[in-house]
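Reading through the structure tokens given below for one structure.
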Amino acid sequence: MLQCLNAQVTDTIYVEPGWNLLSLPVIVSDGSKSSLFPSAVSDAFIYQGSYIAKDTLENGFGFWLKFDTADSFFITGESIHRDTINVTTGWNIIGSLTAPVIVGTISSEPPGIINSDFFSYLPEAGYQQTDTLHPGFGYWVKVIQDGSIILFSVYNNPPTQPSNPNPSDNSVDVDTNLTISWTCSDPDDYDIITYDIYFDINNPPSTIISSNQADTSLALSNLGLSTTYYWKIVAKDSRGDSTTGPVWSFMTRYNGGGIHCPGLPYVVYEGKTYNTVLIGDQCWLKENLDIGTMIDSLQNPTDNGTIEKYCYRNDPANCNTYGGLYQWNEAMQYTTIPGARGICPSGWHIPTLTEYQILNTTVGNDCNALKAIGQGTGVGAGTNTSGFSALQGGGRRPGGSFDCLGLDSGFWGSTEYDPGYAYFMFLGGTASDISLSSREKGNGFSFRCVKD
Ligand SMILES: [Ca+2]
Ligand SMILES: [Ca+2]
Numbered sequence: 000m001l002q003c004l005n006a007q008v009t010d011t012i013y014v015e016p017g018w019n020l021l022s023l024p025v026i027v028s029d030g031s032k033s034s035l036f037p038s039a040v041s042d043a044f045i046y047q048g049s050y051i052a053k054d055t056l057e058n059g060f061g062f063w064l065k066f067d068t069a070d071s072f073f074i075t076g077e078s079i080h081r082d083t084i085n086v087t088t089g090w091n092i093i094g095s096l097t098a099p100v101i102v103g104t105i106s107s108e109p110p111g112i113i114n115s116d117f118f119s120y121l122p123e124a125g126y127q128q129t130d131t132l133h134p135g136f137g138y139w140v141k142v143i144q145d146g147s148i149i150l151f152s153v154y155n156n157p158p159t160q161p162s163n164p165n166p167s168d169n170s171v172d173v174d175t176n177l178t179i180s181w182t183c184s185d186p187d188d189y190d191i192i193t194y195d196i197y198f199d200i201n202n203p204p205s206t207i208i209s210s211n212q213a214d215t216s217l218a219l220s221n222l223g224l225s226t227t228y229y230w231k232i233v234a235k236d237s238r239g240d241s242t243t244g245p246v247w248s249f250m251t252r253y254n255g256g257g258i259h260c261p262g263l264p265y266v267v268y269e270g271k272t273y274n275t276v277l278i279g280d281q282c283w284l285k286e287n288l289d290i291g292t293m294i295d296s297l298q299n300p301t302d303n304g305t306i307e308k309y310c311y312r313n314d315p316a317n318c319n320t321y322g323g324l325y326q327w328n329e330a331m332q333y334t335t336i337p338g339a340r341g342i343c344p345s346g347w348h349i350p351t352l353t354e355y356q357i358l359n360t361t362v363g364n365d366c367n368a369l370k371a372i373g374q375g376t377g378v379g380a381g382t383n384t385s386g387f388s389a390l391q392g393g394g395r396r397p398g399g400s401f402d403c404l405g406l407d408s409g410f411w412g413s414t415e416y417d418p419g420y421a422y423f424m425f426l427g428g429t430a431s432d433i434s435l436s437s438r439e440k441g442n443g444f445s446f447r448c449v450k451d
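So the sequence shown is numbered by numbering that gives the first Met the number 0: it starts at 0 and just counts up by one.
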């Protein structure tokens with residue numbers, strides 16, 4: 000009776016000139032002696048009280064085979080990690096498993112019937128008492144009554160941690176058609192590794208896009224532009240052990256024009272990667288901020304030490320694509336100082352009205368230069384010549400409703416208009432001009448940071 004069958008493995012059997020005491024280390028579909036050991040010069044003999052010649056070899060039995068010359072054989076089949084082998088009173092020749100078996104772990108049914116050591120046979124060395132049953136060998140053992148001997152192999156090492164990601168972790172400007180690759184190995188030379196690839200825009204990724212593949216690479220195509228992807232590899236060996244690699248990420252190339260800020264192509268903030276873009280003398284984050292914990296649109300954030308965001312229609316996927324929508328006080332983290340850091344990364348701040356006016360001047364009041372290609376329509380169609388790459392993320396109204404996703408976008412500034420209102424930059428989907436005006440602070444708008 001065989002248990003715990005797993006994937007295909009290959010064991011190598013080495014033989015020497017003369018009689019060799021062997022066994023089948025894996026479960027093969029064709030057990031004929033002539034196909035497995037074509038250079039053997041004898042019949043295969045098993046022992047069941049007397050020797051019996053066999054044309055077809057079976058797992059669990061040791062057998063004698065004679066060779067004229069040294070040779071090696073690659074035997075491929077399903078691995079065997081456990082076996083219960085029937086034995087009869089007296090001496091038996093049993094087979095081993097796909098991986099080594101420590102003699103001290105061997106048991107019997109009924110218990111205690113094993114009455115000898117285990118002996119291998121090598122043509123040059125003769126009989127050898129052994130503490131370990133190795134794959135591909137047969138072993139003599141004596142029992143004092145009929146029963147069975149139970150073998151299981153305890154040797155296995157899980158695969159090494161997947162490493163050397165390509166593209167390397169936190170890469171930016173990655174093409175939207177690419178081949179990802181990694182390296183991995185298994186300390187057990189008889190083992191074969193297969194891989195599950197997790198890949199999506201969530202961290203950690205939860206979507207398996209390929210499973211049980213043998214290759215250490217995978218071609219991807221038509222990824223989104225300016226999008227951060229997360230991926231990880233689960234390496235599985237043929238013995239049921241697995242090793243999960245770290246989460247890696249990369250960001251695809253820009254949606255449109257623009258250049259990175261010199262010496263600062265991206266910023267990693269709270270686990271997300273943001274590109275930078277230089278527009279005139281100003282260094283901006285190129286994606287809307289998506290930080291904090293989503294709250295329901297009917298709730299208001301509070302000064303509680305936790306950054307709270309809205310996601311359009313309360314759908315986290317919209318935060319992934321468009322970034323979070325923030326009330327002004329929450330974004331400012333409850334100060335009213337123009338140029339406050341607010342929820343921006345260290346070294347960055349919320350743009351003042353003056354900084355938005357500079358941006359406006361730099362792009363010639365061209366609203367379309369700030370919009371990503373594909374955003375806006377007609378005279379308001381985005382050209383993204385600046386690289387600002389605005390997505391029309393809509394807004395959350397003070398009463399809790401959402402509107403204008405895919406149509407308009409608004410970006411908070413840090414300059415107050417009055418105690419209830421603050422300035423923001425509005426990029427209308429059908430407008431070619433940038434609008435700088437004020438809105439009630441309870442609105443939820445998109446958010447960009449500018450470098451100090
Ligand atoms: Ca292994
Ligand atoms: Ca808060």
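Here a beta-carbon is modelled for each residue, glycine too, at the ideal position from N, C-alpha and C. The model shown is predicted, which means the values in this text are computed figures rather than measured ones.
Rounded straight-line distance, which links the Cα of residue j to that of residue i
| i | j | result |
| --- | --- | --- |
| Tyr-245 | Glu-77 | Going by the sequence as given, residue 245 is Pro instead of Tyr. Going by the C-alpha atoms only, they are around 30 Å apart. |
| Ala-421 | Pro-161 | 49 Å |
| Ser-107 | Gly-146 | 7 Å |
| Asn-383 | Gly-363 | 13 Å |
| Asn-299 | Tyr-311 | 15 Å |
| Gln-374 | Asn-165 | 31 Å |
| Asp-240 | Val-102 | 23 Å |
| Glu-439 | Cys-260 | 33 Å |
| Asp-452 | Gly-322 | The structure shown does not extend to residue 452, since the chain spans only 0 to 451, so no value can be given for it. |
| Gly-394 | Ser-180 | 39 Å |
| Pro-122 | Leu-21 | 12 Å |
| Asp-10 | Gly-405 | 59 Å |
| Gly-412 | Gln-281 | 15 Å |
| Lys-370 | Ser-431 | 10 Å |
| Thr-305 | Ser-385 | 33 Å |
| Thr-414 | Pro-337 | 5 Å |
| Asn-328 | Phe-423 | 13 Å |
| Ile-92 | Gly-111 | 18 Å |
| Leu-4 | Asn-201 | Confidence at Leu-4 is low in this model, with a pLDDT of 40, below 50, so its placement is unreliable and no value can be given for it. |
| Phe-410 | Lys-308 | 14 Å |
Opening and closing residue of the beta strand (DSSP E) in which residue i lies
| i | result |
| --- | --- |
| Lys-53 | 50-53 |
| Thr-129 | 125-129 |
| Ser-248 | 247-251 |
| Ser-34 | Where Ser-34 is concerned, there is no enclosing beta strand (DSSP E), although the alpha helix (DSSP H) it sits in stretches over 32-35. |
| Arg-238 | First-last for Arg-238: undefined, no H or E at that position. |
| Val-173 | 170-173 |
| Phe-60 | Neither: Phe-60 is in no beta strand (DSSP E) and is coded neither H nor E. |
| Arg-81 | 81-86 |
| Gln-212 | 207-212 |
| Ala-421 | 420-426 |
| Phe-117 | 117-121 |
| Val-102 | Element bounds for Val-102: n/a, residue is neither H nor E. |
CB contact flag (residue i, residue j, <8 Å)
| i | j | result |
| --- | --- | --- |
| Thr-251 | Thr-175 | yes |
| Asp-199 | Tyr-229 | yes |
| Ser-71 | Ile-12 | yes |
| Leu-288 | Tyr-355 | no |
| Pro-350 | Val-449 | yes |
| Ala-380 | Ser-408 | no |
| Gly-89 | Lys-141 | yes |
| Ile-191 | Ser-237 | yes |
| Gly-137 | Gly-30 | no |
| Phe-401 | Ile-278 | no |
| Val-14 | Thr-97 | no |
| Val-266 | Pro-344 | yes |
| Lys-53 | Ala-39 | no |
| Gly-398 | Ser-445 | no |
| Asn-303 | Glu-286 | no |
| Thr-159 | Thr-242 | yes |
Alpha helix (DSSP H) segment containing residue i, residue limits
| i | result |
| --- | --- |
| Glu-329 | 327-330 |
| Glu-415 | Here Glu-415 belongs to no alpha helix (DSSP H); instead the beta strand (DSSP E) covers 408-417. |
| Leu-369 | 366-369 |
| Leu-56 | It is not in any alpha helix (DSSP H) - Leu-56 carries neither H nor E in the DSSP assignment. |
| Tyr-321 | 315-321 |
Bridge partners - residue i, DSSP secondary structure assignment
| i | result |
| --- | --- |
| Tyr-355 | None; Tyr-355 has no bridge partner. |
| Ala-218 | Thr-178 |
| Gln-281 | Ile-278 |
| Arg-395 | Phe-401, Gly-443 |
| Asp-195 | Val-233 |
| Ile-12 | Phe-72 |
| His-348 | Val-449 |
| Asp-432 | Asp-365 |
Inter-residue CB distance, residue i and residue j (contact presumed, cutoff 8 Å)
| i | j | result |
| --- | --- | --- |
| Thr-227 | Thr-292 | Contact flag wrong, Cβ pair sits at about 19 Å. |
| Val-100 | Leu-132 | 4 Å |
| Ser-41 | Lys-65 | 4 Å |
| Pro-452 | Asp-67 | Within the shown structure, residues of the chain are numbered from 0 to 451, placing residue 452 beyond reach of any answer. |
| Leu-358 | Gly-443 | Their Cβ separation, rounded to whole angstroms, is 22 Å, which puts Leu-358 and Gly-443 out of contact at 8 Å. |
CB contact below 8 Å: residue i versus chain C
| i | result |
| --- | --- |
| Pro-166 | This model lacks chain C altogether, as it is built from one protein chain only. |
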